[in-house]
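A.B. asks: Protein chains in written order, with the numbering used here: chain A, 1 to 333; chain B, 1 to 333. Ideal Cβ positions, reconstructed from N, Cα and C, are used throughout, including at glycine.
Protein chains: 2
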Amino acid sequence: MATVAETAAVSRSTVSNVINAPHRVRPETRQRVEAVIAETGFRPLKAAQMLRTQRSHLIAVIIPPPGARLAEVHNVFLHALTQRAQEAGYRILLFTAVGDQEEIDAYDQLLNDYTLDAFVLVDTHTRDRRTAWLRRKSVPFVTFGRPWGSRTVHPWVDVDGAYGVRVATEHLIQAGHRRIAFIGWPAGNNSGDDRCSGWEQAHHAAGLPVLGPRIEIHGEDSESRAACARLLDAPEPPTAFVCVSDGIALGVWTEITSRGYTPGTLPPGNGTAVIGFDDSSIAAPIGLASVAQPIDEVADACVTALGKLLTPGKHTSRDHVLLEPRLVLRGSA
Amino acid sequence: MATVAETAAVSRSTVSNVINAPHRVRPETRQRVEAVIAETGFRPLKAAQMLRTQRSHLIAVIIPPPGARLAEVHNVFLHALTQRAQEAGYRILLFTAVGDQEEIDAYDQLLNDYTLDAFVLVDTHTRDRRTAWLRRKSVPFVTFGRPWGSRTVHPWVDVDGAYGVRVATEHLIQAGHRRIAFIGWPAGNNSGDDRCSGWEQAHHAAGLPVLGPRIEIHGEDSESRAACARLLDAPEPPTAFVCVSDGIALGVWTEITSRGYTPGTLPPGNGTAVIGFDDSSIAAPIGLASVAQPIDEVADACVTALGKLLTPGKHTSRDHVLLEPRLVLRGSA
Numbered sequence: 001m002a003t004v005a006e007t008a009a010v011s012r013s014t015v016s017n018v019i020n021a022p023h024r025v026r027p028e029t030r031q032r033v034e035a036v037i038a039e040t041g042f043r044p045l046k047a048a049q050m051l052r053t054q055r056s057h058l059i060a061v062i063i064p065p066p067g068a069r070l071a072e073v074h075n076v077f078l079h080a081l082t083q084r085a086q087e088a089g090y091r092i093l094l095f096t097a098v099g100d101q102e103e104i105d106a107y108d109q110l111l112n113d114y115t116l117d118a119f120v121l122v123d124t125h126t127r128d129r130r131t132a133w134l135r136r137k138s139v140p141f142v143t144f145g146r147p148w149g150s151r152t153v154h155p156w157v158d159v160d161g162a163y164g165v166r167v168a169t170e171h172l173i174q175a176g177h178r179r180i181a182f183i184g185w186p187a188g189n190n191s192g193d194d195r196c197s198g199w200e201q202a203h204h205a206a207g208l209p210v211l212g213p214r215i216e217i218h219g220e221d222s223e224s225r226a227a228c229a230r231l232l233d234a235p236e237p238p239t240a241f242v243c244v245s246d247g248i249a250l251g252v253w254t255e256i257t258s259r260g261y262t263p264g265t266l267p268p269g270n271g272t273a274v275i276g277f278d279d280s281s282i283a284a285p286i287g288l289a290s291v292a293q294p295i296d297e298v299a300d301a302c303v304t305a306l307g308k309l310l311t312p313g314k315h316t317s318r319d320h321v322l323l324e325p326r327l328v329l330r331g332s333a
Numbered sequence: 001m002a003t004v005a006e007t008a009a010v011s012r013s014t015v016s017n018v019i020n021a022p023h024r025v026r027p028e029t030r031q032r033v034e035a036v037i038a039e040t041g042f043r044p045l046k047a048a049q050m051l052r053t054q055r056s057h058l059i060a061v062i063i064p065p066p067g068a069r070l071a072e073v074h075n076v077f078l079h080a081l082t083q084r085a086q087e088a089g090y091r092i093l094l095f096t097a098v099g100d101q102e103e104i105d106a107y108d109q110l111l112n113d114y115t116l117d118a119f120v121l122v123d124t125h126t127r128d129r130r131t132a133w134l135r136r137k138s139v140p141f142v143t144f145g146r147p148w149g150s151r152t153v154h155p156w157v158d159v160d161g162a163y164g165v166r167v168a169t170e171h172l173i174q175a176g177h178r179r180i181a182f183i184g185w186p187a188g189n190n191s192g193d194d195r196c197s198g199w200e201q202a203h204h205a206a207g208l209p210v211l212g213p214r215i216e217i218h219g220e221d222s223e224s225r226a227a228c229a230r231l232l233d234a235p236e237p238p239t240a241f242v243c244v245s246d247g248i249a250l251g252v253w254t255e256i257t258s259r260g261y262t263p264g265t266l267p268p269g270n271g272t273a274v275i276g277f278d279d280s281s282i283a284a285p286i287g288l289a290s291v292a293q294p295i296d297e298v299a300d301a302c303v304t305a306l307g308k309l310l311t312p313g314k315h316t317s318r319d320h321v322l323l324e325p326r327l328v329l330r331g332s333a
């Protein structure tokens, strides 16, 4: 730092300002100091900088433990978020926890250990204690997931699942399907209920009756195969299946193909259509139509919201971003 | 810290030693100070501790950018590694990069910014410049992946892919298959070549001829469906397929089921067996037999090796751990 100050013919505190508070330095001086910094390869030791500025440029994000169901969409989000954050000068710090309380304990520990700048939360849900805790501690955070009825005000980014499933169901109705089943998660899962509502909306908008209640898959995705078999063996089987996830759609698709039905074609004949959700890595190889979440845009919006939160004087950002997913048509629909 | 020292009736430097160098403190004193620390809820600010001890308890790991092919096994590894590292008192810091040089540049930047304790590398390959660079800089690291001919000596953990594919192929031979194809990656991919060698070994050990060269899939996994179709339309089609990945096996499985063949049964009849590699999340739902990598054990061994590297006086660990994968049989074989 002394070398930079001497070479640029400024004081040490000016060099410090160029690094930590560039707006305080006149543009000409700033350019001169930056040129010298680039020339000398000087990089301030972040640990020392952290103590001075109380900024670590670290953003903490949860990753579930190995036993938990690995949602591919969260892994894709982590890839995208790491890249976007890195472009904006931040790094992602990982931690693992199960349940709100364990996660809050981890926040507490991490805040003590690393002077974190912010958190990115995933899997928001009703009665989410995490967001209230972070607000109380005045810790900046953004959630991938809307507040689902929580009154804690905070910036969030989410994908409109109901819209995606409505578009998928409308596509099937327009193709002539009149008996469209929805294979979902148990009622009470916020995202699952939201997606299911899109299936109902499409029927209401077309003036068509909804084919009974949603089918609820409680355990493994593969249970959807048996659920599909029961529906197909019923007196008036569905001609199309809209599924809350690609994992559940895979079970349905497996049952349909094992019966020699041709996915995607319409009755009469042996046609049965299937549409999944998430456009995961299995969808393209098996020709499964699916609803794709714009995860790159989600990560982008999260980092943009964080940028606002972490800009002095702007830390009251209440950005709410709801992005539209996209129906990807393939052989199965 | 002053409060802890006063309450425990010791000097500040004794409190510091209890935290940073407990072996220097007599057990009775240490217990007394630890009791006071627990009582007062005192936690040293890690940023300050980092400057004193030059230890951050941060381990950096790469995560590929979103555009790159997402190998599910790496995501599972990241989950397991985060958990194991956390249990051992470490946190994972993520970064993204493409290619050896960009990754080395990221190491350099991270080492300047965060006083990292160590790196965990994945995807080792021949002429790997990363390991040589880290050795030159005396930075502790462990690789998930063996050195593949590199002369840089370092601790590594890997899974014996050749063994896994040999066991899978032997299972098919014992079941009566004599025409077993291998659908792999292009020659030159270290892991892919290793797995392919297991297919050859099983034939040699049984005194059987190998069914032609491996089939190489250069682009998308889904290209394996067309490759499978070509083989099945040939005069003497294979009765079984061993695949280098589950993604490639999925394409094969899709082609087989679309022809009305029954996966897993033996000819005569329409039987065709398929075995994948990685036991990914698609395998169980579609009944795909696969070779499972013991990723929890890999993460465990990596953290154990790191623990040795980071223990003063033991930093010359050259642990080499080669773990055996496990054949998981399902309907397809």
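Using 10 angstroms around the beta-carbon of serine 224 of chain B, count the other beta-carbons present and answer buried if the total reaches 16, otherwise exposed.
C.D. replies: buried
A.B. asks: Which same chain residues, not among the five before or five after proline 238 of chain B, have their C-beta less than 7 Å away from its C-beta?
C.D. replies: Arg179, Ile180, Ala181, Leu211 and Leu231
A.B. asks: Run down chain B in chain order and give the residues with a C-beta less than 7 Å from the C-beta of asparagine 20 of chain A.
C.D. replies: Per Cβ cutoff of 7 Å: no residues; asparagine 20 of chain A is ~14 Å from chain B at best.
A.B. asks: Roughly how many angstroms separate the alpha carbons of isoleucine 19 of chain B and serine 13 of chain B, rounded to a whole number?
C.D. replies: 10 Å
A.B. asks: Please report whether the beta-carbon of leucine 232 of chain B lies at a distance below 9 Å from any beta-carbon of chain A.
C.D. replies: no
A.B. asks: Decide if glycine 161 of chain B is buried, meaning its Cβ has at least 16 other Cβ atoms within 10 Å, or exposed.
C.D. replies: buried
A.B. asks: Which chain B residues sit within Cβ distance under 7 Å of alanine 80 of chain A?
C.D. replies: Pro66
A.B. asks: Closest by CA to aspartate 221 of chain A, which one among B:Thr126, B:Ala284, B:Asp128 and B:Glu87?
C.D. replies: Comparing alpha carbon positions, the residue from B:Thr126, B:Ala284, B:Asp128 and B:Glu87 closest to aspartate 221 of chain A is B:Ala284.
A.B. asks: Alpha carbon to alpha carbon, how far is leucine 306 of chain A from alanine 8 of chain B? Give it in angstroms, no decimals.
C.D. replies: 43 Å
A.B. asks: Taking the CB atoms as reference points, tell me whether threonine 152 of chain B and glutamine 201 of chain B lie closer together than 9 Å.
C.D. replies: no
A.B. asks: So which residues on chain A does threonine 40 of chain B lean against when the C-beta distance must stay under 7 Å?
C.D. replies: Correct list: empty, because the minimum Cβ distance to chain A is about 13 Å.
A.B. asks: Do the CB positions of isoleucine 59 of chain B and isoleucine 92 of chain B come within less than 9 Å of each other?
C.D. replies: yes
A.B. asks: Determine whether the Cβ of serine 138 of chain A lies closer than 9 Å to any Cβ atom of chain B.
C.D. replies: no
A.B. asks: Need the endpoints of the beta strand (DSSP E) that isoleucine 248 of chain A sits in, please.
C.D. replies: For isoleucine 248 of chain A, there is no enclosing beta strand (DSSP E); the residue is part of the alpha helix (DSSP H) that begins and ends at 246-258.
A.B. asks: From arginine 146 of chain B to glycine 207 of chain B, what does the alpha carbon distance come to, in whole angstroms?
C.D. replies: Rounded to the nearest angstrom, the two C-alpha atoms are 30 Å apart.
A.B. asks: Consider the Cβ of phenylalanine 95 of chain B: report whether some Cβ of chain A lies at a distance smaller than 9 Å.
C.D. replies: Residue contact check for phenylalanine 95 of chain B against chain A: a CB pair falls below 9 Å.
A.B. asks: Give me the chain A residues within the contact set of alanine 284 of chain B, using Cβ-Cβ distance strictly less than 9 Å, ordered along the chain.
C.D. replies: Glu220, Asp221 and Ser222
A.B. asks: Roughly how many angstroms separate the alpha carbons of aspartate 117 of chain A and arginine 214 of chain A, rounded to a whole number?
C.D. replies: Going by C-alpha positions, aspartate 117 of chain A is about 42 Å away from arginine 214 of chain A.
A.B. asks: Check whether the Cβ of aspartate 123 of chain B lies closer than 9 Å to any Cβ atom in chain A.
C.D. replies: It does not: the Cβ of aspartate 123 of chain B has no partner Cβ on chain A nearer than 9 Å.
A.B. asks: Rounded to the nearest angstrom, how far is the Cβ of proline 154 of chain A from that of leucine 327 of chain A, given a contact under 8 Å?
C.D. replies: The amino acid occupying residue 154 of chain A in the given sequence is histidine; proline does not appear at that position. Actually they are not in contact, since the Cβ atoms of histidine 154 of chain A and leucine 327 of chain A sit about 30 Å apart, beyond 8 Å.
A.B. asks: Pick helix, strand or coil for leucine 288 of chain B, following the three-state DSSP scheme.
C.D. replies: Residue state, collapsed to three classes: coil.
A.B. asks: Write down the C-beta distance between valine 66 of chain B and histidine 79 of chain A rounded to the nearest angstrom, noting that I regard them as a contact closer than 8 Å.
C.D. replies: Sequence inspection shows proline at residue 66 of chain B; the valine mentioned does not correspond to that position. Rounded, the Cβ-Cβ distance is 5 Å, consistent with contact.
A.B. asks: Quick one: does serine 290 of chain A have its CB under 9 Å from some CB of chain B?
C.D. replies: no
A.B. asks: By the criterion of Cβ-Cβ separation under 8 Å, what are the contact partners of aspartate 296 of chain B in chain A?
C.D. replies: Pro66
A.B. asks: Measure the Cβ-Cβ separation of glycine 198 of chain B and cysteine 228 of chain B and say whether it is below 9 Å.
C.D. replies: no
A.B. asks: Rounded to a whole number of angstroms, what is the C-alpha to C-alpha distance between glutamine 293 of chain B and proline 325 of chain B?
C.D. replies: 5 Å
A.B. asks: Taking Cβ positions only, does glutamate 72 of chain A come closer than 9 Å to chain B?
C.D. replies: yes
A.B. asks: Determine the closest residue to alanine 21 of chain A out of A:Leu329, A:Pro312, A:Pro140 and A:Asp319, with distance taken between C-alpha atoms.
C.D. replies: A:Pro312
A.B. asks: Using beta-carbon positions only, say whether valine 291 of chain B and arginine 84 of chain B come within less than 9 Å of one another.
C.D. replies: no
A.B. asks: Between which two residues does the beta strand (DSSP E) holding arginine 24 of chain B run?
C.D. replies: Premise fails: arginine 24 of chain B is in no beta strand (DSSP E) and is neither H nor E.
A.B. asks: Please list the partners that glycine 251 of chain A has in chain B, where partner means a Cβ-to-Cβ separation under 8 Å.
C.D. replies: Pro285
A.B. asks: Which whole runs of the alpha helix (DSSP H) in the stretch 99-123 of chain B are 4 residues long or more, in chain order?
C.D. replies: 100-114
A.B. asks: In angstroms, rounded to a whole number, what distance separates the CA positions of glycine 276 of chain A and aspartate 128 of chain A?
C.D. replies: 28 Å
A.B. asks: Is the CB of serine 150 of chain B under 9 Å away from at least one CB in chain A?
C.D. replies: no
A.B. asks: Could you tell me which chain B residues have their CB closer than 7 Å to the CB of isoleucine 63 of chain A, listed as they occur along the chain?
C.D. replies: Leu78, His79 and Thr82
A.B. asks: So what does tryptophan 156 of chain A bridge to, in DSSP terms?
C.D. replies: By DSSP's assignment, tryptophan 156 of chain A forms a beta bridge with A:Thr143 and A:His320.
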